[in-house]
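A short worksheet on the structure shown next.
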Amino acid sequence: RNWDDFKDVDVRGKIIVVLVNDPDFEQPELNTFNGRAMTYYGRWTYKYEEAARQGAAGVIVVHETAPASYGWATVQNSWSTPQFDIVRANAAGERVAMEAWIQRDVAVDLFRRSGLDFEALKVAARSRDFRPVELAGPASAA
Numbered sequence: 001r002n003w004d005d006f007k008d009v010d011v012r013g014k015i016i017v018v019l020v021n022d023p024d025f026e027q028p029e030l031n032t033f034n035g036r037a038m039t040y041y042g043r044w045t046y047k048y049e050e051a052a053r054q055g056a057a058g059v060i061v062v063h064e065t066a067p068a069s070y071g072w073a074t075v076q077n078s079w080s081t082p083q084f085d086i087v088r089a090n091a092a093g094e095r096v097a098m099e100a101w102i103q104r105d106v107a108v109d110l111f112r113r114s115g116l117d118f119e120a121l122k123v124a125a126r127s128r129d130f131r132p133v134e135l136a137g138p139a140s141a142a
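Counted from 1, the sequence shown has number 86 at position 86 by UniProt numbering; the numbering is strictly sequential.
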């Protein structure tokens with residue numbers, strides 16, 4: 001597909017924010033992936049796996065109902081209980097330490113607090129030329 005989400009940006013030890021689905025979901029005429037038909041690359045599982053390969057500490061997936069094809073209640077019901085995984089030979093290389101989801105309005109606020117326009121960056125991310133952008137400020141979890 002000739003696509004590189006990370007370019008040469010070092011995300012080792014960082015928490016990254018990703019969109020659910022493929023870059024061309026909202027603009028299928030781009031046909032960079034499969035338009036509105038999600039490929040494996042658009043799935044949250046792939047995004048977690050690729051982030052681990054890149055050395056990221058964690059991933060926050062921005063949930064939007066249309067691209068995800070399910071509502072926020074599905075995310076809540078799926079991730080609000082203890083999660084289990086298989087024993088892996090290289091756990092750090094295959095899974096990130098933190099996996100999370102946030103709703104779009106939370107992402108918009110997070111980006112705004114960093115002086116960034118979520119929607120403008122989301123549109124820009126449809127292009128192969130898009131480069132990751134760093135969010136300003138410290139991270140904390142509650």
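In this text, a Cβ means the ideal position worked out from N, Cα and C, and glycines have one as well.
All values reported here derive from a predicted model rather than from experimental measurement.
DSSP state of residue i mapped onto helix, strand, coil
i, result
"Val87", "coil"
"Val9", "coil"
"Ala100", "strand"
"Val18", "strand"
"Gly35", "coil"
"Val106", "helix"
Given residue i as reference, the closest of the options once Cα atoms are compared
i, options, result
"Trp101", "Asn77, Arg53, Arg128, Glu134", "Asn77"
"Asp22", "Arg12, Val62, Asp8", "Val62"
"Asp24", "Arg36, Ile15, Val18", "Arg36"
"Gly55", "Leu30, Asn2, Glu29, Ile16", "Ile16"
"Lys7", "Pro138, Gly137, Leu135, Ala125", "Ala125"
"Glu134", "Pro28, Arg1, Asp10, Glu50", "Asp10"
"Val20", "Lys122, Thr32, Arg53", "Lys122"
Euclidean distance between Cα positions of residue i and residue j
i, j, result
"Asp5", "Ala57", "17 Å"
"Thr81", "Val75", "11 Å"
"Pro138", "Arg112", "14 Å"
"Arg104", "Asn90", "32 Å"
Residue range of the unbroken beta strand (DSSP E) whose run includes residue i
i, result
"Val123", "Where Val123 is concerned, there is no enclosing beta strand (DSSP E), although the alpha helix (DSSP H) it sits in stretches over 118-124."
Residue range of the alpha helix (DSSP H) that includes residue i
i, result
"Val75", "72-79"
Chain B within 8 Å of residue i, Cβ atoms only
i, result
"Ala125", "Absence of chain B from the displayed structure is noted, only one protein chain being present."
Would you be able to state if there are at least three C-beta pairs under 8 Å between the region 79-91 and the region 31-46? The region 31-46 makes no contact with the region 79-91, as fewer than three CB pairs between them are under 8 Å.
Whether or not the region 69-76 and the region 109-124 are in contact is what I'm after, with contact meaning three or more pairs of Cβ atoms, one per stretch, closer than 8 Å; do they touch? The region 109-124 makes no contact with the region 69-76: fewer than 3 CB pairs, one atom from each, lie closer than 8 Å.
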